[in-house]
Amino acid sequence: MSNRFVVVDLETTGNSPKKGDRIIQFAAVVVEDGKIVDEFSSLVNPEQQIPVFIEELTGLTDELVEGAPLFSEIAPKVLSMLDGAYFVAHNVLFDLSFLQDELIENGYEGFFGPVLDTVELSRILIPTADSYKLNELALREGLNHERPHQADSDAYVTAELLIRLLKRLLELPRTTLRQLLRFSGGLKSDIALLLDEIVLENESKVEKNPQSLAIHRGIAIKKIEKPHQKYNELIPYPFNDDEKEEYFLKAFPSYEKRMGQFEMMDTVFQSFIEKNHALIEAGTGVGKSIAYLFPAALYAKQEHERVVVSTFTIQLQSQLLAKDIPLLQKMLPFKINTVLLKGRSHYISLAKFEASLKEDDDNYDICLTKMQILVWLTETETGDRDELNLSSGGALFWNKIRNDDLTFFQQKTWNSYDFYLRARKEAENADIIITNHSLLLSDIAAKNTILPTYKYCVIDEAHHFEKAASKHFGDFLDYKDIRILLSQFGQYEQKQLFYKLDKLLKKKNPELEADNLHSFEINQLFQDLTNEMDDFFKIVGLYARKKVKKDSINRITCRLLYDEDSKEWQAAANSGERFYFLLKDVMQYLRDGLELLKLPEITLTAKEKRLLGELSALQKEMEELKDKFKNIILTPPNDFAAWIEVDLRSLQNATRVFSQPVTTAKTMEEQFFAKMDSVILTSATLSVKNSFKYMIDSLGLKNSPIISKQIQSPFQYEEQVQLIIPNDLPEVNSVPLDEYVACITEHIISIAEATKGRMLILFTAYEMLRKTYDLMKESGLLEDYVIIGQGVTSGSRTRLTRNFQRFEKSILLGTNSFWEGIDIPGEDLSCLIIVRLPFSPPNDPLTDAKCELIKQRGGNPFSEYSLPEAIIRFKQGFGRLIRTSQDRGLVVVFDKRLESTSYGKSFLKSIPEVPVKKTNITEIVKFIEDWL
3 MSNRFVVVDL
13 ETTGNSPKKG
23 DRIIQFAAVV
33 VEDGKIVDEF
43 SSLVNPEQQI
53 PVFIEELTGL
63 TDELVEGAPL
73 FSEIAPKVLS
83 MLDGAYFVAH
93 NVLFDLSFLQ
103 DELIENGYEG
113 FFGPVLDTVE
123 LSRILIPTAD
133 SYKLNELALR
143 EGLNHERPHQ
153 ADSDAYVTAE
163 LLIRLLKRLL
173 ELPRTTLRQL
183 LRFSGGLKSD
193 IALLLDEIVL
203 ENESKVEKNP
213 QSLAIHRGIA
223 IKKIEKPHQK
233 YNELIPYPFN
243 DDEKEEYFLK
253 AFPSYEKRMG
263 QFEMMDTVFQ
273 SFIEKNHALI
283 EAGTGVGKSI
293 AYLFPAALYA
303 KQEHERVVVS
313 TFTIQLQSQL
323 LAKDIPLLQK
333 MLPFKINTVL
343 LKGRSHYISL
353 AKFEASLKED
363 DDNYDICLTK
373 MQILVWLTET
383 ETGDRDELNL
393 SSGGALFWNK
403 IRNDDLTFFQ
413 QKTWNSYDFY
423 LRARKEAENA
433 DIIITNHSLL
443 LSDIAAKNTI
453 LPTYKYCVID
463 EAHHFEKAAS
473 KHFGDFLDYK
483 DIRILLSQFG
493 QYEQKQLFYK
503 LDKLLKKKNP
513 ELEADNLHSF
523 EINQLFQDLT
533 NEMDDFFKIV
543 GLYARKKVKK
553 DSINRITCRL
563 LYDEDSKEWQ
573 AAANSGERFY
583 FLLKDVMQYL
593 RDGLELLKLP
603 EITLTAKEKR
613 LLGELSALQK
623 EMEELKDKFK
633 NIILTPPNDF
643 AAWIEVDLRS
653 LQNATRVFSQ
663 PVTTAKTMEE
673 QFFAKMDSVI
683 LTSATLSVKN
693 SFKYMIDSLG
703 LKNSPIISKQ
713 IQSPFQYEEQ
723 VQLIIPNDLP
733 EVNSVPLDEY
743 VACITEHIIS
753 IAEATKGRML
763 ILFTAYEMLR
773 KTYDLMKESG
783 LLEDYVIIGQ
793 GVTSGSRTRL
803 TRNFQRFEKS
813 ILLGTNSFWE
823 GIDIPGEDLS
833 CLIIVRLPFS
843 PPNDPLTDAK
853 CELIKQRGGN
863 PFSEYSLPEA
873 IIRFKQGFGR
883 LIRTSQDRGL
893 VVVFDKRLES
903 TSYGKSFLKS
913 IPEVPVKKTN
923 ITEIVKFIED
933 WL
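Just so you know, we're using our numbering here: the sequence shown kicks off at 3 and counts up by one.
Spelled out as structure tokens, the structure:
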């Protein structure tokens, strides 16, 4: 591009120029014709002290800037660079506001040229990025960013990012550029000006759309052309280990035999042939993904049977598709057809999106989201919403354009491009279908199944399957969700769907025009409905507040017992009943209106048909809400447990009511396992004390033909791991929380200094994590360490883990989600601390209900449920440390119950055999230093 872009970055004493914060470093990089042509940077004397946290962030000190020029001395140079250029920055409004204040303060007019924000530009042109922070984007784009939070380094990396973004912009087809231009007027930076120039320049050229794109109804979409490869040679299953090795060597040139992997492959294939279900516990390092994919692929081809592979996490799905399936394909002499299938709402409806592009009255979030999706459609092969990084406003917009089964008004012209229909069609011809537990369970109960017929299934991460089933067969009421749903209908004066429906009805049936009384009644009815919803959630919140008398925490959970005589429950039940019947009345009006508009003699425009589609979708969601109220509040099933979750900081807005079956064993047995020829359930954590009884009972496999097999990890745990139990800590429940936190914090600091960080600390409760994090920070003894706390430090689990790995001396504190699924191999993690044995709290409503059920049938709730569940979680946590055969590390368990109770031995019997040391902290530190 012929334009001149000046990329600016500033370091400052704080966030607000209005409060007197000043610039301490200025940097600018000039970009012309897609190249960096000039650079300038200077420290700036702010004539005030630099705050300590800014020193820590930037490395800039009072001493460094003391002899630096004042801003007034560099201002002429700054202005001459910016003359006639675009002002570019990452979060441009921050840098621009500081610069303007400094310029005006020094008697200059300021900068009034065009501005570009690389955050905004990245959101549009890299719509699938995990994060739009500069260091994250640099990592994604392979840019070297050595000194984050120093202006010269930040400006240079931003300039390199800008060059890539401009290149992407110029490569977009003309039709997409025109569409982007239409929505760019409401953006925060002058992207519209840039787009206008590009579109004008392109008008004089002959359009050559890339061959990889198809243009349909003015929208550019990536063509999906599957390569036509012929792999026709079917092979018999290689029962001989040497034959197996030959196939592995095709994908893994330096493959070393893993007998455990071969054993698992044989078990999977044998189970398919003999039509048995199988429970296979495969230790870390067995290579279980290939161990079930290889026999599944062979069986699918030989028997013309598709195999469904279900995972709990998106991460494992991604790993299977990106890594394991390509390796499997290298091993085999025939083509394996694999498809990822998700629920319909994950996929975009191109007909709805096309219709949304014709609507102009959009806010900032929606305009930006439309631009993101226009770019994404030139790249995506799946149309799956999970690929996109959407704002909260963008996520709401997605609900309007997501695929659904209300297709009677969708334009058939999009069918050949429809991502959901394509995925369904590919699934019909697939050998292996990859999906998740949620969709698999939805499919079990659904009348209109999404998955094609199948009889063979692999459940990976199977230790989650029972909980996923319980969640799926249950339901919940959420105040925010219901408020958003009802707001789509809206009061008449809010001009939402009720207003639009009323107008359309009167237009199509003029006799209704005079009957404004009916509209007034519906409006009043809807007002009563929203008031009743508010009252219901207030009463439910107060019910929970009265039941749980704890003032020290913000979030409370309380089991809902329907047979109580309390006034609070009676008030909640009465309010729920009123809400239910008011909702029925509003829905009757909606149903009557839709039936009238669907009459054969009524003709509708395309816009009116779209409105009818929105109203039908609303009707369906309201029907689901009505059923939820009936099942959770009015006529709850006997074998379900219900509970309330409340955030006391926002009693009404953050209140939810849950209901889940106490056990799913019978349902799973009858609706799933009995209908399948063979289901393979696998995980690294399925057994308790070398027995599968707990899993067999909870999953509903007692009456099924089943093979159960434990395949040990190939790792040498007795040499790679040392387990330590400090004997100088108090029993976890014998002292107040603050005292216990003080004790463990002292130990953590001592151990951290011995291990030089590289430590993951697993908690069972967020409150203890936060208190420990605060005390570690306040101690001042770990100033050289980066301390990252889940829920304290902002970011997703993936981002926190990545940040932990970036720093040499780092400590990561995690709770629930960090006990499994994170992979930190090598020297990045050398010490794992488990603060408490991971028992579910006794006041957890589902735990309470399960224990109650076991008691009723004369069982022991602790040994039959609480202990096995805690052991499986403990095994997951233990498994975070050793990820490869070269890893070495320490596991420190602060909970003395591991050694002082009879059931503690059950935990030790359930993990690989490792040496155990029990001693005081002084000896522990000395031992760690020697051992590492």
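Here a beta-carbon is modelled for each residue, glycine too, at the ideal position from N, C-alpha and C. As the structure is a prediction and not an experimental result, all values here were calculated from the model.
Per DSSP, reduced to three states, the secondary structure at E901 is helical. By the criterion of a C-beta distance shorter than 6 Å, I226 is surrounded in its chain by E383, once the five residues flanking it on both sides are discounted.
In the DSSP assignment, R557 is bridged to D649. Counting C-beta atoms within 10 angstroms of its own C-beta, K668 has fewer than 16 neighbours from the protein chains shown and is therefore classed as exposed. Following the DSSP letters along the chain, one finds D483 inside the alpha helix (DSSP H) bounded by residues 481-491. Taken through DSSP and simplified to helix, strand or coil, R308 comes out as coil. Pairing M333 with F274 gives a Cβ-Cβ distance that is not under 8 Å. N576 carries a helical assignment under DSSP once its states are collapsed to helix, strand and coil.
By the Cβ-count criterion, Q724 is buried, with 16 or more other Cβ atoms from all chains shown falling within 10 Å of its own Cβ. I524 is a Cβ neighbour of F500, given a cutoff of 8 Å. Close CB contacts of V648 within its chain, under the 6 Å cut and outside five residues either way in sequence, are with G543, A546, I558, T657 (chain order). A straight-line Cα-Cα distance of about 18 Å links K224 and N405. Contact between the stretch 109-117 and the stretch 183-196 is present: 3 or more CB-CB pairs across the two stretches fall below 8 Å. Sequence-distant partners of R890 (beyond 5 residues in either direction) whose C-beta falls short of 6 Å from its own C-beta, in its chain, are Q722. Under the three-state reduction of DSSP, F528 is assigned to helix.
Counting every other CB atom within 10 Å of its CB across the protein chains shown gives G879 a total of 16 or more, marking it as buried. Per DSSP, the continuous beta strand (DSSP E) segment holding Q662 begins and ends at 657-663. Secondary structure within the stretch 323-362: the alpha helix (DSSP H) runs of 4 or more consecutive residues, fully enclosed, are 327-333, 352-359 (chain order).
In the DSSP assignment, L174 falls outside any beta strand (DSSP E), carrying neither H nor E.
Between the stretch 375-382 and the stretch 173-185 there are three or more C-beta pairs closer than 8 Å, enough to call the two in contact. Per the C-alpha coordinates, the member of Y591, E741, K135 positioned closest to L527 is Y591.
Between V895 and P732, the alpha-carbon positions lie close to 13 Å from each other. Assigned with DSSP and collapsed to three states, Q712 falls in strand.
K907 and D846 have their alpha carbons spaced roughly 25 Å apart. With the rule of 3 Cβ pairs closer than 8 Å, the stretch 690-701 does not count as touching the stretch 263-274. For F765, the closest alpha carbon among the candidates L563, S842, S661, N438 is that of S842.
Its chain contains L300, L334, P335, F336 as the residues whose beta carbon lies nearer than 8 Å to that of I237, once the 5 sequence neighbours on both sides are disregarded; these appear in chain order. In this structure, the alpha-carbon of K632 lies about 7 Å from that of P638. For I541, same chain residues with a beta-carbon under 7 Å away, outside a window of 5 residues either side, are E570, A573, A574, S577 in chain order. Between the C-alpha atoms of E265 and A157 there is a straight-line separation of about 55 Å. In the DSSP assignment, Q724 falls within the unbroken beta strand (DSSP E) covering 723-728.
Taking all protein chains shown into account, S710 has 16 or more neighbouring C-beta atoms within 10 Å of its C-beta and is therefore buried.
Taking a 10 Å sphere around the C-beta of Q496, we find fewer than 16 other C-beta atoms and assign the residue as exposed. Counted as a single uninterrupted DSSP element, the beta strand (DSSP E) harbouring L215 occupies residues 215-218. Straight across, the Cα-Cα distance linking S693 with R260 is about 24 Å.
Going by C-alpha positions, F642 is about 26 Å away from S819.
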